[in-house]
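**Student:**
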Amino acid sequence: MSFSCSFCKAPLKHTFADLGTTPLANRYLTREMLGQPEPSYPLHARICDRCLLVQVEPAVSAEDLFGEYAYFSSYSTSWLEHARRFSEEAIRRFRLGPASRVVEIASNDGYLLRNFVTAGIPCLGIEPARNIAESAIKSGVPTVAEFFGRETAKKVLAQRGAANLMVANNVLAHVPDINDFVGGFAVLLASGGVASIEVPHILQLIEQTQFDTIYHEHYSYFSFYTLEKIFAAHGLHIFDVAELPTHGGSLRVWVCYAGAHAPTSAVERLRQKEMTAGLSKLEGYQGFDAKVKSVCREFTNFLNLQKKKGRQVAAYGAAAKGNTLLNVCHVNATQISYVCDLSPAKQGYYLPGSHIPIFSPDKIRQTKPDFLVILPWNIAEEITQQMKDITSWGGQFVTAIPSLQMKVAA
Numbered sequence: 084m085s086f087s088c089s090f091c092k093a094p095l096k097h098t099f100a101d102l103g104t105t106p107l108a109n110r111y112l113t114r115e116m117l118g119q120p121e122p123s124y125p126l127h128a129r130i131c132d133r134c135l136l137v138q139v140e141p142a143v144s145a146e147d148l149f150g151e152y153a154y155f156s157s158y159s160t161s162w163l164e165h166a167r168r169f170s171e172e173a174i175r176r177f178r179l180g181p182a183s184r185v186v187e188i189a190s191n192d193g194y195l196l197r198n199f200v201t202a203g204i205p206c207l208g209i210e211p212a213r214n215i216a217e218s219a220i221k222s223g224v225p226t227v228a229e230f231f232g233r234e235t236a237k238k239v240l241a242q243r244g245a246a247n248l249m250v251a252n253n254v255l256a257h258v259p260d261i262n263d264f265v266g267g268f269a270v271l272l273a274s275g276g277v278a279s280i281e282v283p284h285i286l287q288l289i290e291q292t293q294f295d296t297i298y299h300e301h302y303s304y305f306s307f308y309t310l311e312k313i314f315a316a317h318g319l320h321i322f323d324v325a326e327l328p329t330h331g332g333s334l335r336v337w338v339c340y341a342g343a344h345a346p347t348s349a350v351e352r353l354r355q356k357e358m359t360a361g362l363s364k365l366e367g368y369q370g371f372d373a374k375v376k377s378v379c380r381e382f383t384n385f386l387n388l389q390k391k392k393g394r395q396v397a398a399y400g401a402a403a404k405g406n407t408l409l410n411v412c413h414v415n416a417t418q419i420s421y422v423c424d425l426s427p428a429k430q431g432y433y434l435p436g437s438h439i440p441i442f443s444p445d446k447i448r449q450t451k452p453d454f455l456v457i458l459p460w461n462i463a464e465e466i467t468q469q470m471k472d473i474t475s476w477g478g479q480f481v482t483a484i485p486s487l488q489m490k491v492a493a
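The numbering of the sequence shown is this note's numbering, which starts it at 84 and goes up by one.
(1) Report the start-end ranges of each beta strand (DSSP E) in the segment 291-353 that is 3 residues or longer and not cut off at the edges.
(2) Among S89, H438, N410, which residue has its Cα nearest to the Cα of D260?
(3) For a minimum of 4 consecutive residues, which ranges assigned as the alpha helix (DSSP H) are wholly contained in the segment 408-453?
(4) How close, in whole Å, do the beta carbons of F560 and T347 come, if the pair is a contact with beta carbons under 8 Å?
(5) Keeping to the same chain, check which residues put their C-beta closer than 8 Å to that of T329; ignore five residues upstream and five downstream.
(6) Expressed to the nearest angstrom, what Euclidean distance is found between the alpha-carbon atoms of T113 and A228?
(7) When you compare the segment 177-191 with the segment 246-265, are there three or more beta-carbon pairs, one atom per stretch, that lie closer than 8 Å?
(8) Nearest-angstrom Cα distance between L196 and V224?
(9) Taking all protein chains shown into account, decide if N387 is buried (16 or more other Cβ within 10 angstroms of its Cβ) or exposed.
(10) Let me confirm a value: W337 is counted as buried when at least 16 other C-beta atoms fall within 10 Å, else exposed. Which label applies?
(11) Of the residues V324, E217, P211, which one's Cα is nearest the Cα of H344?
(12) Is it buried or exposed, A100, if we count other Cβ atoms within 10 angstroms and call 16 or more buried?
(13) Provide the residue span of the alpha helix (DSSP H) that contains V200, from first to last.
(14) May I ask you to report which of helix, strand or coil DSSP gives F231?
(15) So, at 7 Å on beta carbons, what are the nonlocal neighbours of F86 in its own chain, with the 5 sequence-adjacent residues on each side left out?
(16) For V265, which of helix, strand or coil comes out of DSSP?
(17) Looking at A108: is its Cβ nearer than 9 Å to the Cβ of N406?
(18) Considering only their Cβ atoms, is the gap separating E326 from H299 smaller than 9 Å?
(19) To the nearest angstrom, how far is the alpha carbon of W476 from that of K451?
(20) Pair every Cβ in the segment 362-376 with every Cβ in the segment 429-437, then say whether three or more of these pairs are closer than 8 Å.
(21) Helix, strand or coil for L112 per DSSP?
(22) Indicate whether A219 and G203 have their beta-carbon atoms separated by less than 9 Å.
(23) Per DSSP, what are the beta-bridge partners of E121 in this structure?
(24) Helix, strand or coil for F382 per DSSP?
(25) In whole angstroms, give me the CA-to-CA distance for M84 and V378.
(26) Expressed to the nearest angstrom, what Euclidean distance is found between the alpha-carbon atoms of A360 and F307?
(27) List the whole-angstrom C-beta distance separating I188 from A251, where the pair is believed to meet the contact cut-off of C-beta under 8 Å.
(28) Should A173 and C134 be called a contact, given that it needs their Cβ atoms to be closer than 9 Å?
(29) Using 9 Å as the threshold, is the C-beta distance between V239 and L271 below it?
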């Protein structure tokens, strides 16, 4: 099946990674659902030879994916600290105060905007998942439960005025209509305002074989090269950029209206870095499929060996990326007996595809597994610290990306 680039509309003819057919990564199952047919969809990432945007064909509507959601940002202490530091930096750098307006897109449970509420700066969260928006409102963060685009931007502009700071962390990849979404920034941003957008960097995805970050909710995967093209098409200009360790390697781009801020030296440095890595040409994206097969082979060989030896393997973190890993590698509950997660919203359910049951972390201390696979490897340090007592019975931490590794407690 062929489809067109979501940004420039060119036909997509080149494969980046074909991961087969998988269920939706955040569609957790009840016990009653286990015996029913489970929908699955092709997970085939292609690259546009015109703008070099890597993208997955939409499987279901954004409303079906994000109308209700199981991910609450506040359960990650490292992410809360990341948000706190960002908020303090933005307030200081752009001299935000009681007369300013801050708008966050995909604001989740208000984890970031709480910092602006505490500082006395008017803010608004725009969060499409109704259950999560309600949680944010209860915590004191003004939030509207809507998808963001030009029409929502016009409505907020009319009701509340232009935004001096707009924030969008790890949402651009989740947007099926990039032009409508970015066009909303051009509508709502104040004339001297700035926007901060964080996205996982495809350079790190390629270099670290992070194929588990590819799933149906992530429509797009970005290089700086392509981001500049997308924002420029809407009269917006990236004037600063930072490379971050979050999510295995991310970019934070600072955006304004063209000409409002002079570019920093970091912009040109990253352009050159990507050019050296080959990301400004189609050839730089080739050969990824073979690396995926190698990771899967190594991981499944490890699991099968432990099963043969009668050792128990459990996992930590019922994360979407973990579900991609498990389903692409065809892992099931005979190889990993259970997964634990801090979020009560996931406990008592089963992972999609693999049907591995989800428990609270107390289960680990009760059963004392020999190995604990950390599925959200991007917060491995946080998890090894939380669960460091597994070493008291000889348990070991394991990560599979970018290659199989045994880890010690932080």
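Just so you know, even glycine gets a beta-carbon here, dropped at the ideal spot from N, CA and C. Here the structure is a predicted model, which is why all the values come from computation and not from measurement.
**Tutor:** Taking the structure as given:
(1) 319-327, 333-340
(2) Numbered from its first residue, the sequence shown carries residue 260 at position 177. Distances from the alpha-carbon of D260 to those of S89, H438, N410 put S89 closest.
(3) Listed in chain order, they are 445-450.
(4) Nothing in the structure corresponds to residue 560, since the chain is present only between 84 and 493.
(5) For the purposes of this step, residue 329 is identified with residue 246 of the sequence shown, where counting begins at 1. Closer than 8 Å at the Cβ level, and outside the excluded window around T329, lie W162, H165, E281, N461.
(6) Taking the sequence shown and counting its residues from 1, one reaches residue 113 at position 30. Taking the sequence shown and counting its residues from 1, one reaches residue 228 at position 145. C-alpha separation (whole angstroms): 26 Å.
(7) The segment 177-191 is in contact with the segment 246-265.
(8) Taking the first residue of the sequence shown as position 1, residue 196 is located at position 113. Taking the first residue of the sequence shown as position 1, residue 224 is located at position 141. Approximately 7 Å between the Cα atoms of the pair.
(9) If you number the sequence shown from 1, residue 387 lands on position 304. N387 comes out exposed.
(10) Translated into the one-based positions of the sequence shown, residue 337 becomes position 254. Answer is buried; the Cβ neighbour count reaches 16.
(11) On the sequence shown, position 261 is the one that residue 344 refers to. Considering only alpha carbons, the answer is V324.
(12) As a first step, residue 100 must be located in the sequence shown, where it is residue number 17. Buried, by the Cβ-count rule.
(13) Translated into the one-based positions of the sequence shown, residue 200 becomes position 117. Run containing V200: 196-201, per the alpha helix (DSSP H) assignment.
(14) Residue mapping note: residue 231 aligns to position 148 of the sequence shown, counting from 1. The answer is coil: DSSP assigns F231 none of H, G, I, E or B.
(15) Position 3 of the sequence shown, counting from 1, holds the residue named residue 86. Once the five neighbours on either side are set aside, the close Cβ partners of F86 are L95, E140.
(16) Taking the sequence shown and counting its residues from 1, one reaches residue 265 at position 182. Of the three classes helix, strand and coil, the one that applies to V265 here is helix, per DSSP.
(17) Along the sequence shown, read from residue 1 onward, the residue named residue 108 stands at position 25. Along the sequence shown, read from residue 1 onward, the residue named residue 406 stands at position 323. Their beta carbons are under 9 Å apart, which means A108 touches N406 by this criterion.
(18) Within the sequence shown, the letter at position 216 stands for residue 299. Within the sequence shown, the letter at position 243 stands for residue 326. It is not a contact, given that the beta carbons lie outside the stated cut-off.
(19) If you number the sequence shown from 1, residue 476 lands on position 393. If you number the sequence shown from 1, residue 451 lands on position 368. Answer to the nearest angstrom: the Cα atoms are 7 Å apart.
(20) no
(21) Along the sequence shown, read from residue 1 onward, the residue named residue 112 stands at position 29. The answer is strand: DSSP assigns L112 an E or B state.
(22) The residue labelled residue 219 in the question sits at position 136 within the sequence shown. The residue labelled residue 203 in the question sits at position 120 within the sequence shown. Against a cut-off of 9 Å, the Cβ pair of G203 and A219 comes out as no contact.
(23) Taking the first residue of the sequence shown as 1, we reach residue 121 at position 38. The partner list for E121 (beta bridge, DSSP) is empty, contrary to what the question assumes.
(24) Here residue 382 refers to the residue found at position 299 of the sequence shown. Helix, per DSSP.
(25) Residue mapping note: residue 84 aligns to position 1 of the sequence shown, counting from 1. Residue mapping note: residue 378 aligns to position 295 of the sequence shown, counting from 1. Any reading at M84 must be qualified, since the residue scores a pLDDT of 49, below 50, and its modelled position is unreliable; no value is offered.
(26) As a working mapping, residue 360 is identified with position 277 in the sequence shown. As a working mapping, residue 307 is identified with position 224 in the sequence shown. Approximately 12 Å between the Cα atoms of the pair.
(27) As a first step, residue 188 is located in the sequence shown; it is residue number 105 there, counting from the start. As a first step, residue 251 is located in the sequence shown; it is residue number 168 there, counting from the start. With 8 Å as the limit, I188 and A251 qualify as a contact, their Cβ atoms being about 4 Å apart.
(28) Taking the sequence shown and counting its residues from 1, one reaches residue 173 at position 90. Taking the sequence shown and counting its residues from 1, one reaches residue 134 at position 51. Not in contact: A173 and C134 (Cβ atoms no closer than 9 Å).
(29) For the purposes of this step, residue 239 is identified with residue 156 of the sequence shown, where counting begins at 1. For the purposes of this step, residue 271 is identified with residue 188 of the sequence shown, where counting begins at 1. Against a cut-off of 9 Å, the Cβ pair of L271 and V239 comes out as a contact.
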